[in-house]
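Chains as they are written, first to last, in UniProt numbering: chain B, 1 to 158; chain Y, 1 to 158.
A virtual CB, placed ideally from N, CA and C, is assigned to each residue, including glycine.
First comes the structure, then the notes that go with it.
Protein chains: 2
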Amino acid sequence: MTKDKAEQALVALRRILRATEINARALARRAGLTPSQLIILQVISRAENVTLGAIAREVSLTQATVTALVDRLERAGFARRRRDHEDRRRVLVKLTEAGRAALAAASDSLQERFETRFAALADWEQSMLIAALERVALLLNAEDLDAAPVLDYGAIDK
Amino acid sequence: MTKDKAEQALVALRRILRATEINARALARRAGLTPSQLIILQVISRAENVTLGAIAREVSLTQATVTALVDRLERAGFARRRRDHEDRRRVLVKLTEAGRAALAAASDSLQERFETRFAALADWEQSMLIAALERVALLLNAEDLDAAPVLDYGAIDK
DNA sequence: AAACAATCATTCGATATGCAAATGATTTCG
DNA sequence: CGAAATCATTTGCATATCGAATGATTGTTT
């Protein structure tokens, strides 16, 4: 009797998760940030001028938590707050130059390695991998877990 | 010009990471545990009688951190410590009945859903997905990031 | 065997994470 | 207008995580 195939798939999946998880920690460390802070920073950099609540929803954290995280990012000089003029309840967050630099310093070598190696594959193989990954995401029902549009979780975390 | 294929792959990958990450939190919550505690509990359950240092290495945390986590698991009645007789510096950790029950209560619905859906696929498709996942793990160079043998990160976190 | 080095766990101090509930400010809607 | 909803912050609390120091034990060297 062969090893259960679903189990094989799960093992490979866990290996992927583990690699990215460990990478995320190392990554943040290199940038002088914590994993959570790095994630927030990535969200901010992707969508300049986001509201705090939007960030919270995107990363599935509480507004209170995001407030605290942005506090530290701001104190570290990586981000800046400013009130929204349209709706003065909102607070928009923006990346500073230092923040951009920190992100650059944290350039994701794991991701780059992946991209490089991926690019070296034959075209049909690239397509196959994409199809397979999307299939797996579907099997995990990723779509009804996150209504969030762009998500982009950086590399995990945590 | 078509969207970069590597980017497509990464997007799917992030969706997978995100699904599992959110799931891990919900999972732990259901069992009355924190994500970290759940991970430790899973490690313990898989290899009965592990040393604290071994746990730390397996999950890439500090011994100090693992000590604190096991403290809480023990206080909650989910695990028990006992000294190793061979080498009295070591401390072995064992799951209690309550711990086993907690793990059962936290049975991973995401994983189950995956297994169910995976099982419904045609045989060739299963094989293809496995191959693809293993390929991706390789592209991420998972093997030189973790020397750890069994790894099995449960459902990530964190 | 005595001395020294290595290993293993714990403790301590410090910072960060994360939540729920309460509060304050502003907008929206009946 | 006044009530309800929305958005951010604050507060209080438990946890997570690390590095460095400490204590206990084992292994090694002379």
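Enclosing alpha helix (DSSP H) for arginine 46(Y) [first to last residue]: The sequence position of residue 46(Y) within the second sequence is 46, counting from 1. Counting along the chain, the alpha helix (DSSP H) containing arginine 46(Y) begins and ends at 35–46.
Rounded straight-line distance, which links the Cα of isoleucine 40(B) to that of aspartate 87(B): Counting from one through the first sequence, the residue named residue 87(B) turns up at place 87. Counting from one through the first sequence, the residue named residue 40(B) turns up at place 40. Approximately 22 Å between the Cα atoms of the pair.
Supposed close pair alanine 76(B), alanine 12(Y) - CB separation, criterion 8 Å: The sequence position of residue 76(B) within the first sequence is 76, counting from 1. The sequence position of residue 12(Y) within the second sequence is 12, counting from 1. Incorrect: roughly 33 Å between the Cβ atoms, too far for contact.
Pairwise C-alpha distance: arginine 90(Y) and arginine 90(B): For this step, residue 90(B) is matched to residue 90 along the first sequence. For this step, residue 90(Y) is matched to residue 90 along the second sequence. Roughly 54 Å between the two C-alpha positions.
Identity of the residues DSSP links to lysine 5(B) by a beta bridge: Here residue 5(B) corresponds to residue number 5 of the first sequence, with the count starting at 1. The partner list for lysine 5(B) (beta bridge, DSSP) is empty, contrary to what the question assumes.
Contact between the stretch 106–122 of chain B and the stretch 6–22 of chain Y (3+ Cβ pairs under 8 Å): yes
Leucine 95(B) - DSSP class collapsed to helix/strand/coil: In the first sequence, the residue the question calls residue 95(B) occupies position 95. Here leucine 95(B) sits in strand by DSSP.
Of the listed residues Arg82(Y), Ala132(Y), Val93(Y), nearest to alanine 56(Y) (C-alpha basis): Here residue 56(Y) corresponds to residue number 56 of the second sequence, with the count starting at 1. Measuring from the Cα of alanine 56(Y), the nearest candidate turns out to be Val93(Y).
First through last residue of the beta strand (DSSP E) which encompasses arginine 80(Y): Within the second sequence, numbered from 1, the residue matching residue 80(Y) stands at position 80. Looking at the DSSP string, the run of the beta strand (DSSP E) that includes arginine 80(Y) is 79–83.
Short Cβ contact (8 Å threshold) for leucine 69(B) with serine 36(B): Stepping through the first sequence from its first residue, residue 69(B) is reached at position 69. Stepping through the first sequence from its first residue, residue 36(B) is reached at position 36. Contact: yes.
For isoleucine 156(B), three-class secondary structure by DSSP: One-based indexing of the first sequence puts residue 156(B) at position 156. In this prediction, isoleucine 156(B) has a pLDDT of 29, which is less than 50 and means its spatial position is unreliable; what the coordinates show is noted afterwards. Coil, per DSSP.
Leucine 38(Y) and alanine 47(Y) closer than 8 Å at C-beta: Numbered from its first residue, the second sequence carries residue 38(Y) at position 38. Numbered from its first residue, the second sequence carries residue 47(Y) at position 47. In this structure, alanine 47(Y) does not lie closer than 8 Å to leucine 38(Y) by Cβ.
Cβ distance (whole Å) where phenylalanine 78(B) is taken to contact threonine 65(B) below 8 Å: For the purposes of this step, residue 78(B) is taken as residue 78 along the first sequence, with counting starting at 1. For the purposes of this step, residue 65(B) is taken as residue 65 along the first sequence, with counting starting at 1. Contact flag wrong, Cβ pair sits at about 17 Å.
Assigned exposure category for alanine 101(B) - 16 Cβ within 10 Å defines buried: Translated into the one-based positions of the first sequence, residue 101(B) becomes position 101. By the 10 Å Cβ count, alanine 101(B) comes out exposed.
Three-way DSSP call (helix, strand, coil) for threonine 116(Y) in this model: For the purposes of this step, residue 116(Y) is taken as the residue at position 116 of the second sequence. The answer is helix: DSSP assigns threonine 116(Y) an H, G or I state.
Test: valine 66(B) CB closer than 8 Å to a CB of chain Y: For the purposes of this step, residue 66(B) is taken as the residue at position 66 of the first sequence. It does not; no Cβ of chain Y falls within 8 Å.
CB-CB length for leucine 140(Y) against isoleucine 16(B), believed under 8 Å: Here residue 140(Y) is taken as the residue at index 140 of the second sequence, counted from 1. Here residue 16(B) is taken as the residue at index 16 of the first sequence, counted from 1. Contact flag correct, Cβ pair sits at about 6 Å.
Spatial distance of threonine 34(Y) from alanine 26(Y) (CA atoms): For the purposes of this step, residue 34(Y) is taken as the residue at position 34 of the second sequence. For the purposes of this step, residue 26(Y) is taken as the residue at position 26 of the second sequence. About 9 Å.
Proximity of leucine 129(B) and alanine 132(Y) at Cβ, strictly below 8 Å: The count along the first sequence starts at 1 and reaches residue 129(B) at position 129. The count along the second sequence starts at 1 and reaches residue 132(Y) at position 132. Cβ atoms of leucine 129(B) and alanine 132(Y): closer than 8 Å.
Rounded straight-line distance, which links the Cα of isoleucine 22(B) to that of serine 60(Y): On the second sequence, position 60 is the one that residue 60(Y) refers to. On the first sequence, position 22 is the one that residue 22(B) refers to. Looking at the two C-alpha atoms, the distance is approximately 8 Å.
Interface flag, serine 107(B) vs chain Y, CB-CB below 8 Å: For the purposes of this step, residue 107(B) is taken as the residue at position 107 of the first sequence. Taking Cβ atoms only, chain Y never reaches closer than 8 Å to serine 107(B), which makes this a no.
Threonine 67(Y) - DSSP class collapsed to helix/strand/coil: As a position in the second sequence, residue 67(Y) is number 67, starting the count at 1. Helix.
Alanine 98(Y) classed as buried or exposed, judged by whether at least 16 other C-beta atoms fall within 10 angstroms: One-based indexing of the second sequence puts residue 98(Y) at position 98. Per the 10 Å Cβ criterion, exposed.
Which listed residue (Thr20(Y), Asn49(Y), Ala31(Y), Gly32(Y)) has its alpha carbon closest to that of histidine 85(Y): Residue 85(Y) sits at position 85 when you count from the first residue of the second sequence. The shortest Cα separation from histidine 85(Y) among Thr20(Y), Asn49(Y), Ala31(Y), Gly32(Y) belongs to Asn49(Y).
Contact list for serine 60(B) against chain Y, beta-carbon separation under 7 Å: Counting from one through the first sequence, the residue named residue 60(B) turns up at place 60. Neighbours of serine 60(B) on chain Y, chain order: Ile22.
Delimiting residues of the alpha helix (DSSP H) encompassing aspartate 123(Y): The sequence position of residue 123(Y) within the second sequence is 123, counting from 1. Counting along the chain, the alpha helix (DSSP H) containing aspartate 123(Y) begins and ends at 123–139.
Alanine 56(B) - containing alpha helix (DSSP H), residue span: Numbered from 1 along the first sequence, position 56 holds the residue referred to as residue 56(B). Where alanine 56(B) is concerned, the enclosing alpha helix (DSSP H) stretches over 52–59.
Which listed residue (Ala31(B), Arg83(B), Ala120(B), Ala122(B)) has its alpha carbon closest to that of leucine 103(B): On the first sequence, position 103 is the one that residue 103(B) refers to. Of Ala31(B), Arg83(B), Ala120(B), Ala122(B), the residue nearest in Cα terms is Ala31(B).
Any C-beta of chain Y under 8 Å from that of valine 43(B): Sequence index remark: in the first sequence, residue 43(B) carries index 43 (1-based). Valine 43(B) does not count as touching chain Y.
Alpha-carbon to alpha-carbon, arginine 83(Y) and serine 107(B): By one-based count along the first sequence, residue 107(B) stands at place 107. By one-based count along the second sequence, residue 83(Y) stands at place 83. C-alpha separation (whole angstroms): 44 Å.
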